[in-house]
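Here the sequence shown stands for residues 1 to 226, numbered as in my numbering.
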Amino acid sequence: MISKGTIDEPITGEYPVLVALQGPLEGKRWIMKEAVIIGREPDCTVSIEDRQVSRQHARLSCSNNLCNLEDLGSKNGTYHNGKQVEGSVTIKDGDTFQVALIQKFVFYSSDATMPMEDLGFPILQGEGKLVLDGKSRRVWVAGKELVPPISAAQFRLLACLYRQAGQVVAREELVQEIWQGEESVGVSDQALDALIRRLRERIAEIDNREQYIITVRGHGVRFENH
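Pasting the structure below:
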């Protein structure tokens, strides 16, 4: 059950936004016009009907441009960016937290900082299974985010291919895009191949059935977004 606070109203940009990721509430979002109580009780702002969730499990509140996540003495814990919360912690734009490891949330200081996917719009051109957000440097494959994030070099490689999906991109262009400027001088084919291999492996952690990055011998590399 999801009680008061569920978002079907317009997002104004004046308030922080809470978005449910993996878990029973996935896809729901709440505008934080006041403190948010998360728990099993039906009158909580965010109600999760699961016995692992305490009646009043956690509180998220903002004041004077600071937002705090507080565990309310829950039995199964609240986890902020993967670490269990002892008392309360300051939560920042883009931080994630979990309630009893049942429901994952992401916090945005306003809708202006939300990836467009969370607002119901595509992030960049194309409607394939892999989605890339250049602003937050986040990547989703088949609807699941790559966590931990890929490295900066891997992201530059993927972004270059993503912008030119379906086209063969020359290896020289990739080297210039990834290493940039003087750092690109003397970069070996082996270094580029190793970077491509590691990026493929990261994508395959979520989807190992599709081949997204294709080497075209003698020409370059092509990205296919199915």
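Quick reminder that beta carbons are idealized off the backbone N, C-alpha and C, glycines included.
- The beta-bridge partner set that DSSP reports for I37 consists of R59.
- Of the candidates V99, Q84 and V85, V99 places its Cα closest to the Cα of P24.
- In the DSSP assignment, I213 falls within the beta strand (DSSP E) that extends over I213 to V216.
- By the C-beta density criterion, H57 is buried, having at least 16 other C-beta atoms within 10 angstroms.
- Excluding five sequence positions before and after S88, the CB atoms of its chain that fall closer than 6 Å to its own CB belong to N68 and E70, given in chain order.
- Looking at the backbone, the Cα of L146 and that of T215 are separated by about 22 Å.
- Of all alpha-carbon atoms in T45, D43 and A204, the one lying nearest the alpha-carbon of A142 is that of A204.
- Classified as buried, S54 has 16 or more neighbouring CB atoms from the shown chains inside 10 Å of its CB.
- When secondary structure is reduced to three states using DSSP, Y15 falls in the coil class, being assigned neither helix nor strand.
- DSSP places V175 in the uninterrupted alpha helix (DSSP H) bounded by R171 to W179.
- Annotated as distal: T78 and L21, with beta-carbon spacing of 9 Å or more.
- The straight-line gap separating the alpha-carbon atoms of E49 and D43 is approximately 12 Å.
- Within the stretch 68–110, the complete beta strand (DSSP E) runs of at least 3 residues fall at 78–80, 88–90, 96–99 and 103–108.
- Residue pairing by DSSP places V131 opposite W140 in a beta bridge.
- Sequence-distant partners of W179 (beyond 5 residues in either direction) whose C-beta falls short of 7 Å from its own C-beta, in its chain, are V187.
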